[in-house]
Amino acid sequence: MTPPKLRIAFVHPDLGIGGAERLVVDAALGLQALGHTVDIYTSHHDPNHCFDETRDVFFVDQLSTCIPLLRVLTGKRLLFYCHFPDKLLAHGAFVEGALQKRNVGVLKALYRYPMDYLEEVTTRQADTLVANSKFTARIARAHLSSITSTPKVVYPGINIEAYQAPIDWAAPDVDQIDSEQPTLISLNRFEMKKNAALAIEAFALLRDKASTHHLTRNMRLVLAGRVRVPRSLECQLNRLTGGYDPRLEDNIRTLNGLVERSQSSKLSFNVITPPQSKIPAPSFTGTTEIDPDVLFLLNFTTMQRSALLRSSSTRALLYTPANEHFGIGPVEGMVCGLPVLACDSGGPTESIVDQPPEERTGWLRTPDPGVWADALEDICRMDASARALLAQRSKQRAESVFGMASMARELETLLVETVETGPVETWQIKGIAFVIAFLVGLVLAVWSRRFS
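216 is the number that UniProt numbering gives to position 216 of the sequence shown; each next residue is one higher, with no gaps.
Here it is as structure tokens:
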């Protein structure tokens, strides 16, 4: 039976370049390809800081606070896609089973208390709850305790064709990073929580192994990342050197720390931006322009990403974050047939198959440099036949489980089920309106006390 065609509205707070934004764009394109009418509503969209592409039912993601308002104003059914509970992101680094809280002031604690309560109450108002991984679903169920059902899981999908598009190897940005050197790559934002230092430390230990010297003598590590710029600083930073500013402490501190880590490990390095970039790379002393051991590529282009993933000289993709909510990086590596090394926690444990070896698409290891160096040695010792078999398994898994078409079909099923629950009861709308009024009053009371 052909599913009914829906009018679907996506509600997303800031359509930038993060993983959540990639999911929204791909989901919208996938559902549109299935014949549904799709609109995206966002508070902010900058054409210079976005991805290259961009019956009634609402698809809300990331922030749930708008759900009651949409319900009251439209009387329509809603699906909420949870990337990760905001209360956990706001309070500190999350490790499964524990929250490593950061120190916060009294005012922020007073602010977060009603906001955390508001998140739980509004999330509960969604007709259908969906998470980006079993890991996220499990954490949401545990920490949003009043929600009695475990969210359903729809994995983020990627546009497979985008990773199979022809590469212009003579293009200036591709020529800038192309090399015959055996290469390990890591694609992520330059943020402390992404733990790119693990890649540098493991690479240094691998290079020091006498048993692998003939395999790694000319090997390089490419750390490529985009900088997530706060919207409030976009206009200023577009006019500042390198897009780096003292106000972006995490980006600056992370890059400086990684450079220092390379130097202390006796690894030569260079820091570059794409040739067409209006933002030059920050200056460091001691850089090596020709064949550095570690290459830092800031704000890489789509073509550079594809070239790194598909180059015949690339040996593996290193995905360093622990407890990642999902993590699209391992899937990007798999769709290009690369061996992937990732931490044995969070979303990558669902995307990567580590055991049994004959079904392997990657390696899941504890984030210890020595353990990672041993895994990298295994990867470097793979012969052409073993690499080809792993590439075949990886591509098949990526396309069947994490393709955009697969995600769109699963979302379509859930959206249709959401609509078919019937019209929203009037008493529900009135009840939600009362809750909204109460919560708005509570927030205003907190703010009034702050300024009194």
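We put the beta carbon where it would ideally sit given N, CA and C, even for glycine.
Values in this document were obtained by computation on a predicted structure and should not be read as measured data.
- For residue 380, the enclosing alpha helix (DSSP H) begins and ends at 369-380.
- Less than 8 Å divides the Cβ of residue 58 from the Cβ of residue 76.
- In this structure, DSSP gives residue 117 a helical state, which the three-state scheme calls helix.
- Here residue 80 is not near residue 150, since their CB atoms are 8 Å or more apart.
- Taking C-beta atoms as the reference points, residue 305 and residue 359 fail to come closer than 8 Å.
- Counting other Cβ atoms within 10 Å of its Cβ, residue 372 reaches 16 or more and is therefore classed as buried.
- For the options 163, 420, 193, 253, the alpha carbon positioned closest to that of residue 311 is the one of 163.
- In this structure, residue 181 sits away from residue 64, with a CB-CB distance that is not shorter than 8 Å.
- For residue 362, the enclosing beta strand (DSSP E) begins and ends at 362-365.
- Look at residue 163 here: in three-state DSSP terms it is helix.
- The Cβ-Cβ distance between residue 222 and residue 177 falls below 8 Å.
- Separation of residue 274 and residue 299 (C-alpha to C-alpha, rounded to the nearest whole angstrom) is 7 Å.
- Closest by C-alpha distance to residue 315, out of 139, 381, 159, is 381.
- When beta bridges are read from the DSSP output, residue 316 appears opposite 184.
- For the 8 Å CB-CB criterion, residue 42 and residue 7 do not form a contact.
- According to the DSSP assignment, residue 261 belongs to the alpha helix (DSSP H) that extends over 249-264.
- For residue 322, same chain residues with a beta-carbon under 8 Å away, outside a window of 5 residues either side, are 95, 195, 343, 345, 346, 367 in chain order.
- In the structure shown, residue 300 falls within a coil segment according to DSSP collapsed to helix, strand and coil.
- For residue 340, the enclosing beta strand (DSSP E) has its first and last residue at 340-343.
- According to DSSP, residue pairing for residue 41 in a beta bridge involves 11.
- In the structure shown, residue 220 falls within a strand segment according to DSSP collapsed to helix, strand and coil.
- In terms of CA proximity to residue 179, 309 leads the group 87, 208, 309, 280.
- Of all alpha-carbon atoms in 408, 413, 419, the one lying nearest the alpha-carbon of residue 28 is that of 408.
- The three-state reading of DSSP puts residue 28 in helix, counting H, G and I together.
- Taking 8 Å as the cut-off, the Cβ atoms of residue 329 and residue 159 do not count as close.
- When C-alpha distances from residue 341 are compared across 137, 118, 169, 184, the shortest belongs to 184.
- Leaving aside the five residues that flank residue 174 on each side, the residues in its chain whose CB is nearer than 6 Å to its CB run, in chain order, 303, 307.
- For residue 130, the uninterrupted beta strand (DSSP E) run begins and ends at 128-131, by DSSP.
- Judged by DSSP in its simplified three-state form, residue 157 adopts coil rather than helix or strand.
- Only residues of its own chain outside the window of five on either side were considered, and among them 9 have a CB closer than 6 Å to the CB of residue 39, listed in chain order.
- The stretch 324-338 makes contact with the stretch 384-398: 3 or more CB pairs, one atom from each, lie closer than 8 Å.
- For the pair residue 317 and residue 333, the Cα-to-Cα distance works out to about 6 Å.
- Excluding its 5 nearest sequence neighbours in each direction, residue 137 has C-beta neighbours in its own chain below 7 Å: 131, 150, 151, 153, listed in chain order.
- The Cβ-Cβ distance between residue 269 and residue 277 does not fall below 8 Å.
- Taking the CA atoms as reference points, residue 378 sits about 13 Å from residue 384.
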